[in-house]
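Engineer:
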Amino acid sequence: MLFSFIQKMKTKANRSRLKEKKYEFLFQEDLSGEYVVFDTETTGLNPKKDEIVSIGAVKVKNNKILTSQTFEVFIKNSCEMSSKSIEIHRIRPIDLENAKTTEVAIREFLDFIGSRPLVGYYLEFDVSMINKYIKPMLGITLPNKKIEVSEIYFDETISLIPQGNIDLRFDTILKNCGVPNMGAHNAVNDAIMTAMIFLKLKKA
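For the sequence shown, my numbering assigns the number 78 to the initial residue and increments by one for each residue that follows.
#1: Quick one: Cα of Ile274 to Cα of Asn154, how far?
#2: Would the beta-carbon of Pro213 be found less than 6 angstroms away from any heavy atom of the ligand NAP?
#3: Considering only C-alpha positions, which residue in the set Thr120, Lys141, Glu106 is nearest to Arg193?
#4: Going straight from the alpha carbon of Phe247 to that of Lys177, what length do you get?
#5: So Glu118 packs on Val130, CB below 8 angstroms; how close in whole Å?
#6: Between Gly197 and Asp188, is the Cβ-Cβ spacing less than 7 angstroms?
#7: How many angstroms separate the CA atom of Met270 from the CA atom of Pro124?
#8: Leaving out the 5 sequence neighbours to the left and right, which residues in its chain are closer than 6 angstroms to Arg94 when beta-carbon positions are compared?
#9: Please report how far the alpha carbon of Ile229 lies from the alpha carbon of Ile238, in whole angstroms.
#10: Closest to Leu108 by C-alpha separation, out of Phe115, Thr88, Lys138, would be which residue?
#11: With a threshold of 16 other CB atoms inside 10 Å of the CB of Thr144, please say whether the residue is buried or exposed.
Written out as C-alpha coordinates, the structure reads:
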(Lines of atoms letter the chains of each structure in order from A and count residues from 1; the text may use other names and numbers.)
(Lines give C-alpha, C1' and ligand atoms only; values in the text may rest on other atoms or scores of the structure.)
Protein backbone atom coordinates (compact mmCIF):
# COMPACT_ATOMS: atom_id res chain seq x y z
CA MET A 1 0.00 0.00 0.00
CA LEU A 2 2.79 2.40 0.99
CA PHE A 3 4.83 1.43 -2.09
CA SER A 4 1.80 2.10 -4.33
CA PHE A 5 1.30 5.54 -2.74
CA ILE A 6 4.99 6.44 -3.14
CA GLN A 7 4.90 5.29 -6.78
CA LYS A 8 1.84 7.45 -7.47
CA MET A 9 3.55 10.47 -5.93
CA LYS A 10 6.69 9.88 -8.01
CA THR A 11 4.61 9.60 -11.18
CA LYS A 12 2.73 12.79 -10.31
CA ALA A 13 6.00 14.65 -9.72
CA ASN A 14 7.44 13.28 -12.97
CA ARG A 15 4.34 14.37 -14.89
CA SER A 16 4.52 17.88 -13.44
CA ARG A 17 7.95 18.30 -15.06
CA LEU A 18 6.70 17.49 -18.58
CA LYS A 19 7.74 20.30 -20.93
CA GLU A 20 5.56 19.35 -23.92
CA LYS A 21 1.86 18.65 -23.39
CA LYS A 22 1.71 16.57 -26.58
CA TYR A 23 3.47 13.81 -24.62
CA GLU A 24 0.78 13.62 -21.93
CA PHE A 25 -0.18 10.31 -23.58
CA LEU A 26 2.83 8.68 -21.92
CA PHE A 27 1.10 9.08 -18.55
CA GLN A 28 -2.35 7.91 -19.62
CA GLU A 29 -3.71 4.51 -18.68
CA ASP A 30 -2.87 1.96 -21.37
CA LEU A 31 -5.98 0.29 -22.78
CA SER A 32 -4.32 -1.50 -25.70
CA GLY A 33 -3.54 -4.71 -23.81
CA GLU A 34 -0.13 -4.65 -25.48
CA TYR A 35 3.42 -4.78 -24.20
CA VAL A 36 6.47 -3.29 -25.91
CA VAL A 37 9.66 -5.35 -25.71
CA PHE A 38 12.70 -3.26 -26.58
CA ASP A 39 16.47 -3.27 -26.70
CA THR A 40 19.18 -0.70 -27.41
CA GLU A 41 22.60 -1.03 -28.98
CA THR A 42 25.08 1.48 -27.60
CA THR A 43 28.64 2.73 -27.89
CA GLY A 44 29.39 1.25 -24.46
CA LEU A 45 27.92 0.36 -21.08
CA ASN A 46 28.09 3.69 -19.27
CA PRO A 47 24.82 5.66 -19.63
CA LYS A 48 26.57 8.84 -18.47
CA LYS A 49 29.05 8.97 -21.33
CA ASP A 50 27.95 6.43 -23.95
CA GLU A 51 25.26 6.90 -26.60
CA ILE A 52 22.60 4.86 -28.36
CA VAL A 53 23.32 3.74 -31.92
CA SER A 54 20.09 1.79 -32.48
CA ILE A 55 16.76 0.93 -30.86
CA GLY A 56 14.71 -2.15 -31.69
CA ALA A 57 11.26 -2.95 -30.36
CA VAL A 58 8.29 -5.23 -30.97
CA LYS A 59 4.74 -5.32 -29.60
CA VAL A 60 3.19 -8.30 -27.83
CA LYS A 61 -0.55 -8.89 -27.44
CA ASN A 62 -2.69 -11.86 -26.45
CA ASN A 63 0.41 -14.04 -26.02
CA LYS A 64 1.51 -13.32 -29.57
CA ILE A 65 4.47 -11.37 -30.90
CA LEU A 66 3.24 -8.83 -33.43
CA THR A 67 6.16 -9.15 -35.83
CA SER A 68 4.31 -6.90 -38.29
CA GLN A 69 4.66 -4.13 -35.70
CA THR A 70 8.38 -3.86 -35.13
CA PHE A 71 10.34 -0.67 -34.59
CA GLU A 72 13.93 -0.11 -35.64
CA VAL A 73 15.91 3.09 -35.82
CA PHE A 74 19.60 3.91 -36.22
CA ILE A 75 20.96 7.02 -34.54
CA LYS A 76 23.80 9.39 -35.33
CA ASN A 77 26.02 10.07 -32.35
CA SER A 78 29.07 12.06 -31.40
CA CYS A 79 30.63 9.40 -29.23
CA GLU A 80 33.45 7.28 -30.59
CA MET A 81 32.53 3.60 -30.74
CA SER A 82 34.93 1.16 -29.19
CA SER A 83 36.11 -1.83 -31.20
CA LYS A 84 34.55 -4.04 -28.52
CA SER A 85 31.07 -2.53 -28.98
CA ILE A 86 31.37 -2.78 -32.78
CA GLU A 87 32.33 -6.44 -32.38
CA ILE A 88 29.14 -7.03 -30.40
CA HIS A 89 26.53 -5.17 -32.43
CA ARG A 90 28.33 -5.02 -35.82
CA ILE A 91 27.31 -1.39 -36.33
CA ARG A 92 30.18 0.68 -37.74
CA PRO A 93 30.40 4.49 -37.89
CA ILE A 94 29.93 4.27 -41.67
CA ASP A 95 26.60 2.47 -41.10
CA LEU A 96 25.29 5.53 -39.27
CA GLU A 97 26.05 8.14 -41.92
CA ASN A 98 22.39 8.32 -42.99
CA ALA A 99 21.00 7.61 -39.51
CA LYS A 100 18.47 9.86 -37.76
CA THR A 101 19.30 12.47 -35.18
CA THR A 102 18.85 11.49 -31.55
CA GLU A 103 15.86 13.78 -31.06
CA VAL A 104 13.97 12.47 -34.12
CA ALA A 105 14.71 8.86 -33.19
CA ILE A 106 13.67 9.23 -29.55
CA ARG A 107 10.43 11.01 -30.47
CA GLU A 108 9.59 8.21 -32.93
CA PHE A 109 10.27 5.67 -30.18
CA LEU A 110 7.97 7.47 -27.72
CA ASP A 111 5.20 7.54 -30.35
CA PHE A 112 5.67 3.78 -30.83
CA ILE A 113 5.55 2.79 -27.15
CA GLY A 114 2.80 5.14 -25.98
CA SER A 115 1.90 4.28 -22.38
CA ARG A 116 2.32 0.51 -22.88
CA PRO A 117 4.29 -1.51 -20.31
CA LEU A 118 7.93 -1.97 -21.29
CA VAL A 119 9.63 -5.36 -21.20
CA GLY A 120 13.33 -6.11 -21.53
CA TYR A 121 16.43 -8.02 -20.49
CA TYR A 122 18.42 -5.91 -18.04
CA LEU A 123 15.88 -3.25 -18.85
CA GLU A 124 17.29 -0.81 -16.31
CA PHE A 125 20.24 -0.09 -18.58
CA ASP A 126 18.10 0.46 -21.70
CA VAL A 127 15.70 2.71 -19.76
CA SER A 128 18.65 4.69 -18.38
CA MET A 129 19.90 5.24 -21.91
CA ILE A 130 16.48 6.47 -23.10
CA ASN A 131 16.09 8.68 -20.02
CA LYS A 132 19.46 10.26 -20.76
CA TYR A 133 17.86 11.82 -23.86
CA ILE A 134 14.26 12.46 -22.86
CA LYS A 135 15.07 14.18 -19.57
CA PRO A 136 16.73 17.21 -21.23
CA MET A 137 14.23 17.09 -24.11
CA LEU A 138 10.98 16.72 -22.17
CA GLY A 139 11.92 17.14 -18.52
CA ILE A 140 10.72 13.65 -17.57
CA THR A 141 11.87 10.05 -17.31
CA LEU A 142 9.97 7.14 -18.86
CA PRO A 143 6.82 6.71 -16.75
CA ASN A 144 5.80 3.36 -18.28
CA LYS A 145 5.46 0.22 -16.16
CA LYS A 146 8.64 -1.85 -16.51
CA ILE A 147 8.95 -5.64 -16.58
CA GLU A 148 12.35 -7.33 -16.29
CA VAL A 149 12.48 -10.85 -17.80
CA SER A 150 15.58 -11.92 -15.88
CA GLU A 151 13.71 -11.11 -12.65
CA ILE A 152 10.74 -13.27 -13.71
CA TYR A 153 13.16 -16.05 -14.72
CA PHE A 154 14.95 -15.82 -11.36
CA ASP A 155 11.68 -16.03 -9.43
CA GLU A 156 10.61 -19.08 -11.45
CA THR A 157 13.98 -20.83 -11.11
CA ILE A 158 14.81 -20.15 -7.46
CA SER A 159 11.85 -22.30 -6.39
CA LEU A 160 13.43 -25.26 -8.19
CA ILE A 161 16.98 -24.76 -6.89
CA PRO A 162 16.60 -22.56 -3.79
CA GLN A 163 20.22 -23.00 -2.69
CA GLY A 164 21.75 -22.68 -6.14
CA ASN A 165 23.29 -19.81 -8.07
CA ILE A 166 20.97 -18.77 -10.89
CA ASP A 167 22.71 -18.14 -14.22
CA LEU A 168 21.05 -15.03 -15.64
CA ARG A 169 23.05 -14.78 -18.84
CA PHE A 170 20.86 -14.15 -21.87
CA ASP A 171 22.01 -17.26 -23.75
CA THR A 172 21.35 -19.43 -20.70
CA ILE A 173 17.83 -18.07 -20.26
CA LEU A 174 17.17 -18.59 -23.99
CA LYS A 175 18.30 -22.21 -23.77
CA ASN A 176 16.41 -23.02 -20.57
CA CYS A 177 13.22 -21.46 -21.92
CA GLY A 178 13.54 -23.43 -25.16
CA VAL A 179 13.78 -20.26 -27.24
CA PRO A 180 15.80 -20.48 -30.48
CA ASN A 181 18.82 -18.22 -30.76
CA MET A 182 18.27 -16.03 -33.82
CA GLY A 183 21.99 -15.54 -34.23
CA ALA A 184 22.50 -11.99 -35.47
CA HIS A 185 22.97 -9.70 -32.48
CA ASN A 186 20.99 -6.54 -33.17
CA ALA A 187 18.35 -4.57 -31.32
CA VAL A 188 15.32 -5.97 -33.19
CA ASN A 189 16.45 -9.61 -32.98
CA ASP A 190 17.25 -9.21 -29.29
CA ALA A 191 13.84 -7.65 -28.69
CA ILE A 192 12.08 -10.52 -30.48
CA MET A 193 14.05 -13.17 -28.55
CA THR A 194 13.31 -11.34 -25.29
CA ALA A 195 9.62 -11.28 -26.26
CA MET A 196 9.70 -15.07 -26.77
CA ILE A 197 11.30 -15.51 -23.33
CA PHE A 198 8.66 -13.23 -21.82
CA LEU A 199 5.81 -15.27 -23.33
CA LYS A 200 7.37 -18.56 -22.19
CA LEU A 201 7.72 -17.25 -18.64
CA LYS A 202 4.18 -15.83 -18.62
CA LYS A 203 2.84 -19.30 -19.38
CA ALA A 204 5.04 -21.01 -16.78
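Cβ atoms here follow ideal geometry from the backbone N, Cα and C, with glycine treated the same way.
Structural biologist: The structure says:
#1: 31 angstroms
#2: No copy of the ligand NAP appears in this structure; indeed no ligand is present at all.
#3: Glu106
#4: 29 angstroms
#5: 5 angstroms
#6: no
#7: Cα-Cα distance, rounded: 23 angstroms.
#8: Gly216, Ile217
#9: 15 angstroms
#10: Lys138
#11: exposed
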